[in-house]
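Heads up: the structure comes next, in structure tokens.
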Amino acid sequence: MQLGITGLLIFDGTHFFQILEGELGVLSKLMASIHRDNRHSDLVILLKEPAPKRDYEKWAMRLIVRAPESMTKKIDQSRRLSDFLAEYEEEVPLSRAKLIAKAFIDGAWAADKFKVRLAKEKALAIKPQQLKIHKSDGHHFAFQPIVDIKRMQISSLEALIVGADGSSPCEVLDKLTSSDQQTLDVDSKLTALEMFREMKWYGFMSLNLLPMALLEYPDSVKMISQHAEYLGLNPDNVIIEITEQEAINNYPAFNELANLIRANGMRLAIDDFGAGHAGLSLLAEFQPHMLKIDRSIIFGVANHGPRQAIVGAIIYVALRLGIEVIAEGVDNEKDLKWLISAGITKIQGFYFAKPKFEGIPNVAWPSFLVEN
Ligand code: C2E
Ligand code: MN
Ligand code: MN
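In our numbering, the protein residues as written are 142 to 513.
Next up, the structure:
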């Protein structure tokens, strides 16, 4: 009241939902002190925007309890949820803050912690290793695992092209003409497969490819699958990753490519999902085996309401369509824990392992998973 802040606090027995209205500067200071206060955990900002008027001008702060019967009885019930909702019903249209409050009352925003049942077994020790024989055909790769936190294993190993000095894929690919890029892209994947063979990696292998390269040379898909077979690797274990951005350029051609990949026994993953312009509507056109949610949506998800809603929607749609979901670029424990509670079990990111130049990196399994 002293700070001129008005608002609403709803308690559902486990989580609090709060609307704060006031001067931006005053609110920012209050938010900062809420953040510093370690009695709060899992703080998520759902919305922060200017409003034409205050919704809760009438009082300073009002508490509404939406809790199990047993709990509600112990708390002052003078402000019952039903009265409160009746008040909302009269008002049309509701402000955005009120709409989100209603979503909370209806059960949104309250993910259970660790809904996923994690395996009791110890993380499977896969020895980190470095390739000894350097290929002389000029292609180099770094390898980064995608981990399966449910089974505590490496789910797939992704080959990322690098320069001989470890320079980035962009540096390798961007200086080439488009046709050279395509040739190099396909050729280098044969080397990547040979490296998998030398590392005695018989699990899933993720390969990044430009769809143009595969479309221009239709035999390339078959060539990759046959080369895997020739090396004694299972073509069924090859996952071809294509970015969302590239996929939306030409749906019919892409559909054909997806079928070609399937016909050759391999799997297709859409990389950087959510970074391009298609989003979920891409899935109306065709359904890949896997979706890798882009780092831009994953990063900071633990404290960001809109990102949480988007990831939740992707999971919902993918589940119905039988598509596996992978979260990319996970680099901190908070985001990891949120993703696990949302039901994601396949993770790639620096938190577990950084790409290793011509070798399999060590996976750092966090203690909270191992001891779970
Ligand atoms: P990508 O396929 O999405 O690969 C993941 C990229 O994210 C890698 O960058 C990896 O180092 C980085 N990354 C993984 N975890 C984290 C994390 O926790 N935090 C951060 N900040 N970054 C993380 P990299 O190696 O620079 O690769 C960039 C992109 O280049 C790849 O993105 C892929 O789209 C492309 N690329 C890589 N190899 C090839 C290739 O052989 N052919 C083609 N066409 N593209 C390739
Ligand atoms: Mn990739
Ligand atoms: Mn990606």
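The C-beta atom is built at its ideal place from N, Cα and C for all residues, glycine as well.
Here the structure is a predicted model, which is why all the values come from computation and not from measurement.
Since Phe395 is in the alpha helix (DSSP H), which residue starts that stretch and which ends it?
For this step, residue 395 is matched to residue 254 along the sequence shown. Where Phe395 is concerned, the enclosing alpha helix (DSSP H) starts and stops at 392–404.
Alpha helix (DSSP H) containing Gly453: first to last residue?
Position 312 of the sequence shown holds residue 453. Start and end: 446–462.
Can you determine whether any heavy atom of ligand 2 sits closer than 7 angstroms to the C-beta of Glu382, and answer yes or no?
Taking the first residue of the sequence shown as 1, we reach residue 382 at position 241. Checking every heavy atom of ligand 2 against the Cβ of Glu382, one is found closer than 7 angstroms.
How long is the line joining the alpha carbons of Gly148 and Pro429, rounded to whole angstroms?
Within the sequence shown, numbered from 1, the residue matching residue 148 stands at position 7. Within the sequence shown, numbered from 1, the residue matching residue 429 stands at position 288. Going by the C-alpha atoms only, they are around 45 angstroms apart.
Neighbour-count burial assignment, Arg237, 16 or more Cβ in a 10 Å radius:
Indexing the sequence shown from 1 puts residue 237 at position 96. So Arg237 ends up on the exposed side.
Would you check if the distance between the CB atom of Ile464 and the CB atom of Lys433 is smaller than 8 angstroms?
Looking up residue 464 in the sequence shown gives position 323. Looking up residue 433 in the sequence shown gives position 292. No, these two residues do not count as a Cβ contact at 8 angstroms.
Rounded straight-line distance, which links the Cα of Leu168 to that of Val568:
With the chain running from 142 to 513 in the structure shown, residue 568 is simply not present.
Per DSSP, Lys497 forms a beta bridge with which residues?
Looking up residue 497 in the sequence shown gives position 356. Note: Lys497 is bridge-paired with Phe284 in the DSSP secondary-structure output.
State the start and end residues of the unbroken beta strand (DSSP E) segment that holds Gly408.
Taking the first residue of the sequence shown as 1, we reach residue 408 at position 267. Here the sequence assigns Arg to residue 408, which means Gly is not the residue at that position. Its beta strand (DSSP E) spans residues 408–414.
Can you tell me whether Asp412 sits near ligand 2, meaning its C-beta is under 7 angstroms from at least one heavy atom of the ligand?
In the sequence shown, counting from the first residue as 1, residue 412 sits at position 271. Answer for Asp412: yes, Cβ within range of ligand 2.
Applying the 10 Å Cβ sphere with the 16-neighbour rule, what's the burial state of Arg461?
As a first step, residue 461 is located in the sequence shown; it is residue number 320 there, counting from the start. Around the beta carbon of Arg461, fewer than 16 other beta carbons sit within 10 angstroms, so the residue counts as exposed.
Could you check how far apart the C-beta atoms of Leu356 and Ile381 are, in whole angstroms? I think they sit under 8 angstroms.
Taking the sequence shown and counting its residues from 1, one reaches residue 356 at position 215. Taking the sequence shown and counting its residues from 1, one reaches residue 381 at position 240. That belief does not hold up - the Cβ atoms of Leu356 and Ile381 are roughly 12 angstroms apart, past 8 angstroms.
Should Ser366 go down as buried or exposed, given a rule of 16 or more other Cβ atoms within 10 Å for buried?
Walking along the sequence shown from the start, residue 366 turns up at place 225. With 16 or more Cβ atoms within 10 Å of its Cβ, Ser366 is classed as buried.
Going by DSSP, which residues form a beta bridge with Ile467?
The sequence position of residue 467 within the sequence shown is 326, counting from 1. According to DSSP, residue pairing for Ile467 in a beta bridge involves Lys433, Lys487.
Just the Cα atoms here: how many angstroms apart are Ala404 and Ala394?
Locating residue 404 in the sequence shown gives position 263, counting from the first residue. Locating residue 394 in the sequence shown gives position 253, counting from the first residue. Each residue's Cα considered, the two are about 15 angstroms apart.
Note the first and the last residue of the continuous beta strand (DSSP E) segment covering Gln294.
Here residue 294 corresponds to residue number 153 of the sequence shown, with the count starting at 1. Element bounds for Gln294: 294–303.
Using a threshold of 7 angstroms, is the CB atom of Val466 nearer than that to any non-hydrogen atom of ligand 1?
As a working note, residue 466 is residue 325 in the sequence shown. The answer is no for Val466.
Reference Lys194; option with closest CA among Thr384, Gln386, Tyr358, Leu161
Locating residue 194 in the sequence shown gives position 53, counting from the first residue. Of the candidates Thr384, Gln386, Tyr358, Leu161, the one whose C-alpha sits nearest the C-alpha of Lys194 is Leu161.
Please tell me whether Arg207 and Ile246 are closer than 8 angstroms, where the distance is taken between their beta carbons.
Here residue 207 corresponds to residue number 66 of the sequence shown, with the count starting at 1. Here residue 246 corresponds to residue number 105 of the sequence shown, with the count starting at 1. Yes.
Just to confirm the assignment, what range does the alpha helix (DSSP H) spanning Thr324 have?
The residue you call residue 324 lines up with position 183 of the sequence shown. That run of the alpha helix (DSSP H) goes 319–339.
Let me know the secondary structure DSSP gives Asn503 once reduced to three states.
Residue mapping note: residue 503 aligns to position 362 of the sequence shown, counting from 1. Here Asn503 sits in coil by DSSP.
Buried versus exposed call for Leu144 [16 or more other C-beta atoms within 10 Å across all chains shown]
Counting from one through the sequence shown, the residue named residue 144 turns up at place 3. In this structure Leu144 is exposed. Its beta-carbon is surrounded by fewer than 16 other beta-carbon atoms within 10 angstroms.
Bridge partners for Leu149 per DSSP, in chain order?
Position 8 of the sequence shown, counted from the first residue, corresponds to residue 149. Answer is Ile160, Arg203.
Own chain partners of Leu421 with C-beta closer than 8 angstroms, once the 5 adjacent residues on each side are dropped:
For this step, residue 421 is matched to residue 280 along the sequence shown. Contacts found: Ala454, Ile455, Val458.
Quick check on DSSP: helix, strand or coil for Ser361?
Your numbering for residue 361 matches position 220 in the sequence shown. Correct three-state label for Ser361: helix.
Per the DSSP calculation, Thr155 is bridged to which residue(s)?
For the purposes of this step, residue 155 is taken as the residue at position 14 of the sequence shown. The partner list for Thr155 (beta bridge, DSSP) is empty, contrary to what the question assumes.
In whole angstroms, what is the alpha-carbon distance linking Tyr358 and Val313?
Here residue 358 corresponds to residue number 217 of the sequence shown, with the count starting at 1. Here residue 313 corresponds to residue number 172 of the sequence shown, with the count starting at 1. Approximately 21 angstroms, taken between the alpha carbons.
Three or more beta-carbon pairs under 8 angstroms between the stretch 345–356 and the stretch 286–303, yes or no?
Taking one beta carbon from each stretch, the stretch 345–356 and the stretch 286–303 have 3 or more pairs nearer than 8 angstroms; the two touch.
Does the separation of the CB atoms of Trp506 and Met364 fall below 8 angstroms?
Start at 1 with the first residue of the sequence shown, and residue 506 comes out as number 365. Start at 1 with the first residue of the sequence shown, and residue 364 comes out as number 223. No, Cβ-Cβ distance for Trp506 and Met364 is not below 8 angstroms.
Which residues does DSSP pair with Met353 in a beta bridge?
Residue mapping note: residue 353 aligns to position 212 of the sequence shown, counting from 1. DSSP, once it has assigned bridges, lists no residue as partnering Met353.
Looking only at its chain, what residues have a beta carbon closer than 7 angstroms to the beta carbon of Asp435, apart from the 5 residues adjacent to it on each side?
Mapped onto the sequence shown, residue 435 falls at position 294. The beta carbon of Asp435 sits closer than 7 angstroms to the beta carbons of Asp413, Phe414, Gly415, Ala416, Glu469 from its chain, once the five residues preceding and following it are set aside; these are given in chain order.
Is the separation between the beta-carbon of Leu480 and that of Ile467 shorter than 8 angstroms?
As a working mapping, residue 480 is identified with position 339 in the sequence shown. As a working mapping, residue 467 is identified with position 326 in the sequence shown. No; because the gap between Cβ atoms is not below 8 angstroms, this pair is not in contact.
Name the two residues that bound the continuous alpha helix (DSSP H) containing Val511.
As a working mapping, residue 511 is identified with position 370 in the sequence shown. Judged by DSSP secondary structure, Val511 falls within the alpha helix (DSSP H) whose first and last residues are 508–511.
Just to check, is the beta-carbon of Lys495 closer than 7 angstroms to a non-hydrogen atom of ligand 3?
Here residue 495 refers to the residue found at position 354 when the sequence shown is read from its first residue. No.
If you draw a straight line from the alpha carbon of Val233 to that of Gln449, how long is it in whole angstroms?
The residue labelled residue 233 in the question sits at position 92 within the sequence shown. The residue labelled residue 449 in the question sits at position 308 within the sequence shown. The straight-line gap from Cα to Cα measures roughly 27 angstroms.
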